[in-house]
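These notes are about the structure you will find just below.
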Amino acid sequence: MVSVAESEYYDEIERLKSEYAYDLCDTTGTCVDRRLAVVAYLVERNLIGQNIVFDDARSEDFKQFYRLLHTSTLHSETVLQTETVWEQQEDGTLAPVERKVEKTKLYVNITSLNAEQIADYFDFDDGEKKCFEGLLQVNFE
Numbered sequence: 228m229v230s231v232a233e234s235e236y237y238d239e240i241e242r243l244k245s246e247y248a249y250d251l252c253d254t255t256g257t258c259v260d261r262r263l264a265v266v267a268y269l270v271e272r273n274l275i276g277q278n279i280v281f282d283d284a285r286s287e288d289f290k291q292f293y294r295l296l297h298t299s300t301l302h303s304e305t306v307l308q309t310e311t312v313w314e315q316q317e318d319g320t321l322a323p324v325e326r327k328v329e330k331t332k333l334y335v336n337i338t339s340l341n342a343e344q345i346a347d348y349f350d351f352d353d354g355e356k357k358c359f360e361g362l363l364q365v366n367f368e
């Protein structure tokens, strides 16, 4: 389920990128740790100790929750880039020539919340924080 939510999140970023005209793209940041996303979901939705079936409704709820754990910012700017092109010389030979070319560069930054930020964002009370921190220590592969 987490891989589906993550994949859809990256698809959304690609969709946003398609709205820009750009020559170069620089993407920084990563999605939230999968374990962190699942544990946060279980605690925030008060699902600890319950048997959970990820039917369509639950899956959609998790995907919406997953998106809340991230922000993506996009902006573009014009940059000068040196390019080497081959030009035909007067004698008919080809020679490399360097040129400065204006390019539009798109910057994409993905920021994901860490455990402390998640606890603050969802306003976990002391009990929820303790449960959250405890579950993050458990190895449930």
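First residue of the sequence shown: 228, per our numbering; consecutive thereafter. A virtual CB, placed ideally from N, CA and C, is assigned to each residue, including glycine. All values derive from a computational prediction rather than experimental measurement.
DSSP bridge partner residues for residue i (one or two, in chain order)
i, result
"L251", "K332"
"A322", "E314"
"S303", "L333"
Euclidean distance between Cα positions of residue i and residue j
i, j, result
"R326", "T320", "18 Å"
"Y268", "Q344", "14 Å"
"T331", "E239", "21 Å"
"L296", "S339", "6 Å"
"I337", "A346", "19 Å"
"V365", "E310", "52 Å"
Of the residues the options, the one placed nearest residue i, counting alpha carbons only
i, options, result
"D283", "R294, M228 and F359", "M228"
"H302", "G361, C358, Y247 and S230", "Y247"
"L333", "Y237, F359 and V306", "V306"
"V265", "Y236, F292, Y249 and V324", "F292"
First and last residue of the uninterrupted alpha helix (DSSP H) at residue i
i, result
"D353", "D353 to Q364"
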